[in-house]
Every structure is written in structure tokens, then in C-alpha cells.
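The structure appears below as C-alpha cells.
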DNA sequence: ATACTATTGGCAATTCATTGTCAATAGCGG
DNA sequence: CCGCTATTGACAATGAATTGCCAATAGTAT
């Protein structure tokens with residue numbers, strides 16, 4: 061039978077779409093639980109995996125942290141991340157420095173790069 | 061009683077000092093086993109933790125990988141890393157791009173940053 | 001050389017994120 | 001409104017990295 065449009069899935073999608081930043085499974089669970097009381101962590105994992113399979117969201121990997129997820133259409137645009145060391149939230153940074161090619165050792169070939177800025181977000185100053 | 065100077069600890073320190081790049085526990089075990097046959101993984105964990113406590117080595121965290129370790133005196137010098145997507149080794153990059161401050165969102169304060177370049181190392185071209 | 005004990009290494013146990021299982025629940029077509 | 005079954009959620013189970021435990025080993029002071 062066809063997909064069903066459930067309260068839980070709506071809450072999870074809404075959380076991811078309205079956050080404006082990459083969310084961990086725990087963060088998704090916390091936010092979506094407001095719209096879907098009693099939401100199970102198991103369900104968040106299930107829905108996140110389905111959204112990944114469907115290509116709707118993409119993983120954001122930050123060193124030393126569990127994976128986070130953001131909308132694929134945002135992830136598709138090259139960007140980087142800022143992690144607040146106080147509240148542990150991760151924010152998008154839609155800019156990219158120049159001159160990275162100069163860092164590459166002789167004989168090496170760079171195909172991609174990731175940058176994570178660390179510090180305090182505006183709310184945690 | 062005082063510290064003892066064992067073959068295993070020597071082999072582990074030598075591996076870390078001569079590698080010239082951050083090593084994972086597995087890599088340390090593989091390299092040090094040449095000097096200390098039968099070296100147990102348990103011992104590598106123990107010695108690595110002691111070296112961390114003593115401030116002799118420092119962790120290097122790379123997205124989606126297990127922790128690696130390098131000499132603290134090298135880690136103290138600001139630098140970045142290059143991860144080869146074929147052999148999975150991580151190399152030091154002793155340079156840093158300018159203009160990162162421009163990436164910081166308004167109201168945020170950046171205290172540090174990490175950059176990981178991805179691609180092929182000279183041996184894996 | 002001897003005795004003392006720091007260190008080692010095999011294996012079990014832990015930790016933590018993630019997944020399997022399955023009975024109960026709740027969309028949705030008819 | 002009914003019935004079918006996709007979905008949910010509690011719990012157990014898994015996987016992978018790390019640590020606890022403890023008898024055996026091996027530095028080192030005397």
C-alpha cells in the first residue's frame with residue numbers, strides 16, 4: 061500500500077525544514093516531540109533513514125560528534141559549518157575561503173575539503 | 061615504584077615519533093608490533109592514554125574516523141590535515157588559508173577552526 | 001641473582017549509537 | 001464505518017571502540 065502521512069513523519073520533516081541548521085537525531089527527537097508527543101527515538105531513526113534513502117536529507121559529519129542531517133537541497137550548495145562550543149549547535153556558513161589549493165602538499169590531489177569553525181554563536185556570547 | 065622502560069612502550073613511542081603523521085590506535089598497533097612482537101591492542105590503548113595524560117601526545121579528530129594521535133609539540137603548532145580517500149591515511153598540512161574571519165556569521169565569535177582536505181596522497185594517485 | 005611490583009595481554013564487560021523484533025496503533029481505500 | 005496493513009514504540013540485540021579484570025611476565029633496585 062502507499063505511504064501514509066503520519067503525525068510523526070510530519071513533525072520530523074517540519075523540525076528539519078524549519079531548523080535552518082543541521083540537526084542530530086537527538087535534536088530532531090527533541091524538536092519533533094513538541095508536535096508529536098511520545099515520539100519514539102526508534103521512529104526518528106526510521107524516518108531519518110527513509111528521508112536519506114529518498115534523497116531528501118543529507119548527512120553532515122562534524123569531528124567528534126554524531127552525525128547531523130540537513131535538507132539535501134541545502135547540502136548540495138557547497139558550504140561549511142560553525143559549531144558553538146557552548147550549546148553544541150551547528151550552523152551553516154555559506155561562504156568559502158580562497159587559496160586552499162596552496163595548502164595541498166606536492167604530489168597530492170585535492171578533490172574536496174571541509175571546514176568547521178569553532179567558537180560562540182550569537183546566543184552564547 | 062617508578063616507571064619502567066619497557067619494549068612495548070618504546071615501540072609505541074617510536075611509532076608515533078617516526079610516523080610524521082597522526083596515527084590511529086590500530087595504526088600504532090600495526091607499526092609498533094614490528095618492534096614488539098605480540099603487542100596487545102590493550103597495551104596500545106593503555107600507553108596511548110598514559111601519553112595523553114602526560115601531555116606527550118594530543119588527539120587529532122577527523123570527521124567520520126576514529127581518533128588519531130600525534131606528538132603534542134607538533135599539535136601545538138597550528139596546522140591542518142589531508143586525508144587520502146584511498147589509503148585512509150591522514151597527513152599534516154603546515155599552512156593555513158587567510159580570510160576565514162570573513163566566513164563568521166554576524167554576532168558569532170570564532171576561537172578556532174579545523175580544515176580537512178580530501179583527495180589522493182602522492183602514493184595513491 | 002633475588003624479590004618486589006609495574007606492566008602486559010587475553011578475554012570479558014562496558015558503553016553508546018543504531019537496528020531488529022513484534023504486538024499495538026492508526027492512516028486510508030473501499 | 002470496516003478492514004487491511006503501514007507505521008509506531010518499547011525492548012532486546014547488535015556492532016564497534018574502549019576499558020576492567022587478573023594471572024603471567026619482565027623491569028629494576030638491592
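Residue numbers (my numbering), protein chains in the order written: chain A, 61 to 185; chain B, 61 to 185.
C-beta: ideal position from N, C-alpha, C; glycine also.
Asked, Found
"What is the rounded straight-line gap between the Cα of residue 67 (chain B) and the Cα of residue 79 (chain B)?", "18 Å"
"Just curious, the alpha helix (DSSP H) that residue 77 (chain B) is in, first and last residue?", "67-79"
"With distance defined between alpha-carbon atoms, name the residue in A:136, A:103, A:148 nearest to residue 184 (chain A).", "A:148"
"Is the stretch 150-168 of chain B touching the stretch 158-168 of chain A, taking contact as three or more C-beta pairs under 8 Å?", "yes"
"So, at 6 Å on beta carbons, what are the nonlocal neighbours of residue 75 (chain A) in its own chain, with the 5 sequence-adjacent residues on each side left out?", "88, 91, 92"
"Got a sec: is the Cβ-Cβ distance from residue 81 (chain B) to anything in chain A below 8 Å?", "no"
"Fully enclosed by the stretch 115-176 of chain B, which alpha helix (DSSP H) runs are 4 residues long or longer?", "132-135"
"If distances are taken between C-alpha atoms only, which option among A:159, A:172, A:150, A:180 comes closest to residue 186 (chain A)?", "This structure cannot speak to residue 186 (chain A), because chain A is shown only from 61 to 185."
"Is there a C-beta anywhere in chain A that falls below 8 Å from the one on residue 158 (chain B)?", "yes"
"As a quick exercise: from A:137, A:176, A:121, pick the residue whose alpha carbon is nearest that of residue 145 (chain A).", "A:176"
"Tell me the residue span of the alpha helix (DSSP H) that contains residue 91 (chain A).", "85-95"
"For residue 168 (chain B) and residue 179 (chain A), which I take to be in contact (beta-carbon distance under 8 Å), what is that distance rounded to the nearest angstrom?", "6 Å"
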